[in-house]
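Quick notes on the structure that follows.
Residue numbers (the working numbering): 697 to 864.
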């Protein structure tokens with residue numbers, strides 16, 4: 697009985713377990729706080745990017761020297777949003793171009809050029825199953841195999857045979 701259930705050993709074990717639980721809970725609280733801060737930061741960055749994107753799209757409504765823009769409330773002041781539009785650079789269109797569009801290099805006959813990337817595999821580089829599917833023999837249906845007016849031709853042939861067999 698002493699070896700099966702030892703009260704003092706169990707008490708010591710439960711005390712150590714409580715300490716371990718406190719440490720784990722503290723680490724979990726720290727991790728939760730860190731994750732919450734990270735999510736808030738990401739949400740804030742996402743909101744700022746959305747705001748900047750909207751500001752880029754509204755650049756044509758900005759004030760000019762001649763005419764006040766849509767966002768100006770008084771003729772003397774410019775709005776904060778208009779200042780934001782001025783601060784945001786216009787979208788960089790050069791990012792969309794691929795490397796192979798550039799023609800900065802001198803074009804020599806023996807120089808190497810970068811070709812555009814292939815969108816799909818072409819020619820003999822395709823899968824073996826694609827080749828087999830393309831070159832398999834045709835198996836036409838019965839309707840395609842037979843002539844459209846086969847029945848009429850057969851009737852005509854029977855009529856001719858009967859006429860030949862008639863004896864007068």
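Note that the Cβ used here is the ideal one computed from N, Cα and C, for glycine as well.
Item to check | Close Cβ partners of residue 852 (< 8 Å) along its chain, the five nearest in sequence each way excluded | outcome: Cβ neighbours of residue 852 beyond the five flanking positions: none.
Item to check | Exposed unless 16 or more other CB atoms sit within 10 angstroms - verdict on residue 719 | outcome: With fewer than 16 other CB atoms across the displayed protein chains lying within 10 angstroms of its CB, residue 719 is exposed.
Item to check | Under 7 Å between C-beta atoms of residue 781 and residue 751 | outcome: The answer is yes: Cβ separation under 7 Å.
Item to check | C-alpha distance - residue 847 paired with residue 856, whole-angstrom precision | outcome: Linking residue 847 to residue 856 through their CA atoms gives a straight-line distance of about 14 Å.
Checklist entry - What's the gap between the Cα of residue 705 and the Cα of residue 724? => result Going from the Cα of residue 705 to the Cα of residue 724 covers about 28 Å.
Checklist entry - Could you give the residue range of the alpha helix (DSSP H) that holds residue 847? => result For residue 847, the enclosing alpha helix (DSSP H) has its first and last residue at 846-861.
Item to check | residue 810 (DSSP reduced to helix, strand or coil) | outcome: Of the three classes helix, strand and coil, the one that applies to residue 810 here is coil, per DSSP.
Next on the checklist: Taking the straight line between their C-alpha atoms, what separation do you get for residue 726 and residue 736?
Outcome noted: Rounded to the nearest whole angstrom, the CA to CA distance from residue 726 to residue 736 is 15 Å.
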